[in-house]
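Visitor: For the sequence shown, our numbering gives the first residue as 8, with consecutive numbering after it.
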Amino acid sequence: MTYLSDATFWVLLSFLIFVGVFIRVGWSQVIAMLDGRIGEIRSEIDTAEKLRREAADMLAQYQARHRDAMKEAAEIAGRAKVQAETIRAKAEADLRETMARREKQLADRLTRIEQAAEAELRQATAALALKASETVIRKGLDAKGQAALVDQSVAALKAI
8 MTYLSDATFW
18 VLLSFLIFVG
28 VFIRVGWSQV
38 IAMLDGRIGE
48 IRSEIDTAEK
58 LRREAADMLA
68 QYQARHRDAM
78 KEAAEIAGRA
88 KVQAETIRAK
98 AEADLRETMA
108 RREKQLADRL
118 TRIEQAAEAE
128 LRQATAALAL
138 KASETVIRKG
148 LDAKGQAALV
158 DQSVAALKAI
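(1) What are the boundary residues of the alpha helix (DSSP H) that includes residue 33?
(2) Would you call the CB atoms of residue 132 and residue 164 closer than 7 Å?
(3) Measure from the C-beta of residue 72 to each C-beta in chain C and report whether the shortest distance is under 7 Å.
(4) Quick one: grab the DSSP three-state call for residue 53.
(5) In the DSSP assignment, the alpha helix (DSSP H) including residue 13 goes from what residue to what residue?
(6) So, residue 160 versus residue 126, is the Cβ gap smaller than 7 Å?
(7) Under 6 Å Cβ to Cβ from residue 119, same chain only, skipping five residues before and after it: list those, please.
(8) Identify whether residue 149 lies in helix, strand or coil by the three-state DSSP scheme.
(9) If I measure Cβ to Cβ from residue 75 and keep anything under 7 Å in the same chain, skipping five residues before and after, which residues do I get?
(10) Can you list, in chain order, the residues of its chain with a C-beta nearer than 6 Å to that of residue 83? Leave out the 5 residues immediately preceding and following it.
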């Protein structure tokens, strides 16, 4: 009975009763609280994993869009290069056509100038021949004089 009068015994007994009651009543609440916290952490981990997957999907989408945009930009640049080459070739063809047309116009103009000069020369020759005939007829030249007059007319024609 010495134990019953000892305070240490009663403290130990009180502590064991307290622990027993705590385990019986409080342990389930502590376990429930810890289980709730574990559930919250799992939920946060699942949410974080879901967000990570969404971010990875978005990254893949943006990378695909970037590749598509780069591909489209390359196609646009290729089409622009082809169009520029087409425009350059058309400009060269137009220039050649314009030059050929101008050369033809110049050749036609030179032909008209030559024809006008020939016509003027014929008129001058005809006028000179008419004047020579008139002079021969008026003066009644002999054969020597007529030959000299013809030589003079030929020399005048050569001068023209």
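All C-beta atoms in this analysis are idealised placements derived from N, C-alpha and C, irrespective of residue type, glycine included.
Guide: Quick look at the numbers:
(1) No alpha helix (DSSP H) contains residue 33, which DSSP labels as neither H nor E.
(2) In this structure, residue 132 sits near residue 164, with a CB-CB distance shorter than 7 Å.
(3) Reference to chain C is not applicable here, since this structure consists of a single protein chain.
(4) Note: residue 53 maps to helix in three-state DSSP.
(5) Counting along the chain, residue 13 falls outside any alpha helix (DSSP H), and DSSP gives it neither H nor E.
(6) Annotated as distal: residue 160 and residue 126, with beta-carbon spacing of 7 Å or more.
(7) Here the set comprises nothing.
(8) Three-state DSSP puts residue 149 in coil, outside helix and strand.
(9) For residue 75, where only same-chain residues beyond five positions count, there are no Cβ hits under 7 Å.
(10) Here the set comprises nothing.
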